[in-house]
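Chemist: Taken in order, the sequence shown gives residues 67 to 343; the numbers are from my numbering. Sharing a structure here in structure tokens format.
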Amino acid sequence: MSSKSKELLWGVRLIGFQLMWVFSWFIYTHFIAGSFMQPYYPEMSLEYELISPFTVKGFMLGTDNLGRSLFEVLSQGMGYTIVTAVVVSLLSLSIGVVVGYIVVVNQKLLGKFFEILTNVVFIFPSILIAILIMSYSGQSWTGLIISLTVTGWPAYARIARTEVTRVMGMEFFEASRALGASKIRLFFSVIIPSVAPILVINIVMGMSGVIISEASLGFLGLGGSEYSLGVLLGYGKNVLLEAPFMTITLSLILAGLIMSLNLLGDGLRDYWDPKQR
Numbered sequence: 067m068s069s070k071s072k073e074l075l076w077g078v079r080l081i082g083f084q085l086m087w088v089f090s091w092f093i094y095t096h097f098i099a100g101s102f103m104q105p106y107y108p109e110m111s112l113e114y115e116l117i118s119p120f121t122v123k124g125f126m127l128g129t130d131n132l133g134r135s136l137f138e139v140l141s142q143g144m145g146y147t148i149v150t151a152v153v154v155s156l157l158s159l160s161i162g163v164v165v166g167y168i169v170v171v172n173q174k175l176l177g178k179f180f181e182i183l184t185n186v187v188f189i190f191p192s193i194l195i196a197i198l199i200m201s202y203s204g205q206s207w208t209g210l211i212i213s214l215t216v217t218g219w220p221a222y223a224r225i226a227r228t229e230v231t232r233v234m235g236m237e238f239f240e241a242s243r244a245l246g247a248s249k250i251r252l253f254f255s256v257i258i259p260s261v262a263p264i265l266v267i268n269i270v271m272g273m274s275g276v277i278i279s280e281a282s283l284g285f286l287g288l289g290g291s292e293y294s295l296g297v298l299l300g301y302g303k304n305v306l307l308e309a310p311f312m313t314i315t316l317s318l319i320l321a322g323l324i325m326s327l328n329l330l331g332d333g334l335r336d337y338w339d340p341k342q343r
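Encoded structure:
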């Protein structure tokens, strides 16, 4: 097995394990320990505050500064982080592809406007834009999604513009246009299938950037949930000397999630991207 195949295989395995973890926790909280309308959440108990791992039965990874099981908190945080990354990436991709296509096919005022807007948002520090939006919208999941989407779509727009330009120069695209296909039909039936592999690769790798941005905002106190890994790392920072295991465990889980996505993205790029063949 080649090193490229191993990279893809390990990425699939790690992501599969993390998704199974999140799915199992969802089943447990919504159908076993709780109900779909009233799901179970990690319980707080000051009696069990900052217990070290493997010292008390039932707390395999220890507890956080609120006395909650660190394993349960991590499970809840993993689900929150993955759902947020998927939603932000899909929204950013949708906006970016549409904008990139408009920039290529419309060289008039509308296309120029979107091209300038893409460059302005792209070169401006994304974390500052996200902080500005979160400061205005408050600590909410909706505000977090909006802030990360606003800063994320320009990267996809640039990729889409490059790939759409490449596809439009190929013979099969010219043949489809010569047969009388409309711009909308060309977009959905010719361009999207042609650029889909590149977009899938970039959305997988882009999710790791979304996770880092979300964790950064949470660490700064602008997270959309108390179960954000960034918020939990902020809690761990406050008790770093007293309970270093909390920060270490959270950092390893966050690093593992990002590494898994990068491995999967690199493996898909080597497998799908014709430029790498």
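By construction, the Cβ of each residue, glycine as well, lies at the ideal position given by its N, Cα and C atoms.
Check whether the stretch 193-206 touches the stretch 121-139, taking contact to mean three or more Cβ pairs, one atom from each stretch, closer than 8 Å.
Modeler: Verdict: no, contact absent.
Chemist: Considering only the alpha carbon of each residue, which of M86, E229 and L214 lies closest to F253?
Modeler: It is E229.
Chemist: Which stretch, first to last residue, makes up the alpha helix (DSSP H) that contains F125?
Modeler: Note, F125: premise wrong, no alpha helix (DSSP H); not H, not E.
Chemist: Starting from the C-beta of Q84, find all residues in its chain whose C-beta is less than 7 Å away, skip the five residues before and the five after it, and write them out in chain order.
Modeler: Cβ within range, chain order: M144, L323 and S326.
Chemist: Express the C-alpha separation of E115 and P259 in angstroms, rounding to a whole number.
Modeler: Looking at the two C-alpha atoms, the distance is approximately 53 Å.
Chemist: Taking the straight line between their C-alpha atoms, what separation do you get for L329 and L74?
Modeler: About 6 Å.
Chemist: Can you find the residues in the same chain that come closer than 7 Å, C-beta to C-beta, to I212, ignoring five residues on each side of it along the sequence?
Modeler: I199 and S203.
Chemist: Answer yes if the stretch 92-105 comes into contact with the stretch 281-289, meaning at least three C-beta pairs across the two stretches below 8 Å, and no otherwise.
Modeler: Because the criterion of three Cβ pairs below 8 Å is not met, the stretch 281-289 and the stretch 92-105 do not touch.
Chemist: In terms of DSSP beta bridges, what is S317 paired with?
Modeler: S317 pairs with nothing; no bridge assigned.
Chemist: Note down the Cα distance separating V256 from F188, rounded to an integer number of angstroms.
Modeler: So the two alpha carbons sit approximately 28 Å from each other.
Chemist: Could you work out which residue in T129, S141, L194 and L80 is closest to Y106 when comparing CA atoms only?
Modeler: Y106 has its Cα closest to that of S141, out of T129, S141, L194 and L80.
Chemist: Which class does S260 belong to by DSSP, given the choice of helix, strand or coil?
Modeler: Three-state DSSP puts S260 in a helix.
Chemist: Just the C-alpha distance for M312 and L112, rounded to the nearest angstrom, thanks.
Modeler: Cα-Cα distance, rounded: 16 Å.
Chemist: Hey, I161 and W219: beta-carbon distance below 8 Å or not?
Modeler: For I161 and W219, yes; Cβs fall inside 8 Å.
Chemist: Hey, out of L318, E109, V152 and I117, whose CA is closest to G272's CA?
Modeler: Selected option, being the one with the closest Cα: V152.
Chemist: Whose CA, out of I264, P263, L265 and S294, lies closest to the CA of I277?
Modeler: Closest option to I277, Cα to Cα, is S294.
Chemist: Which residue comes first and which comes last in the alpha helix (DSSP H) that contains I148?
Modeler: L136 to V171 is the extent of the alpha helix (DSSP H) around I148.
Chemist: Within a Cβ cutoff of 7 Å, which residues of the same chain sit near G331, ignoring the five residues on either side of it in sequence?
Modeler: Excluding sequence neighbours, G331 sits near I267, V270 and M271.
Chemist: Just verifying my parser: in three-state terms, what is the DSSP assignment at P220?
Modeler: Reduced to three states, the DSSP call for P220 is helix.
Chemist: G166 and A226 - do their beta-carbons sit closer together than 8 Å?
Modeler: The answer is yes: Cβ separation under 8 Å.
Chemist: Just to confirm, are L156 and L210 a CB contact at a threshold of 8 Å?
Modeler: It is not a contact, given that the beta carbons lie outside the stated cut-off.
Chemist: Taking three-plus beta-carbon pairs below 8 Å as touching, is the stretch 299-319 in contact with the stretch 121-135?
Modeler: Touching, per the Cβ criterion.
Chemist: Buried or exposed: which applies to T231, given that a residue is buried once 16 or more other Cβ atoms fall within 10 Å of its Cβ?
Modeler: Flag for T231 reads exposed.
Chemist: According to DSSP, is I189 helix, strand or coil?
Modeler: Helix.
Chemist: Using the Cα positions of L194 and T217, report the straight-line distance between them to the nearest angstrom.
Modeler: Between L194 and T217, the C-alpha separation is close to 9 Å.
Chemist: If we count the other Cβ atoms within 10 Å of its Cβ and call it buried at 16 or more, is S279 buried or exposed?
Modeler: S279 should be labelled buried.
Chemist: Check whether the Cβ atoms of V305 and L214 lie closer than 8 Å to each other.
Modeler: No, they are not a contact pair.
Chemist: Can you give the Cα-Cα distance for I98 and F125, rounded to whole angstroms?
Modeler: Looking at the two C-alpha atoms, the distance is approximately 19 Å.
Chemist: DSSP three-state label for N131, please.
Modeler: DSSP places N131 in coil when its eight states are reduced to three.
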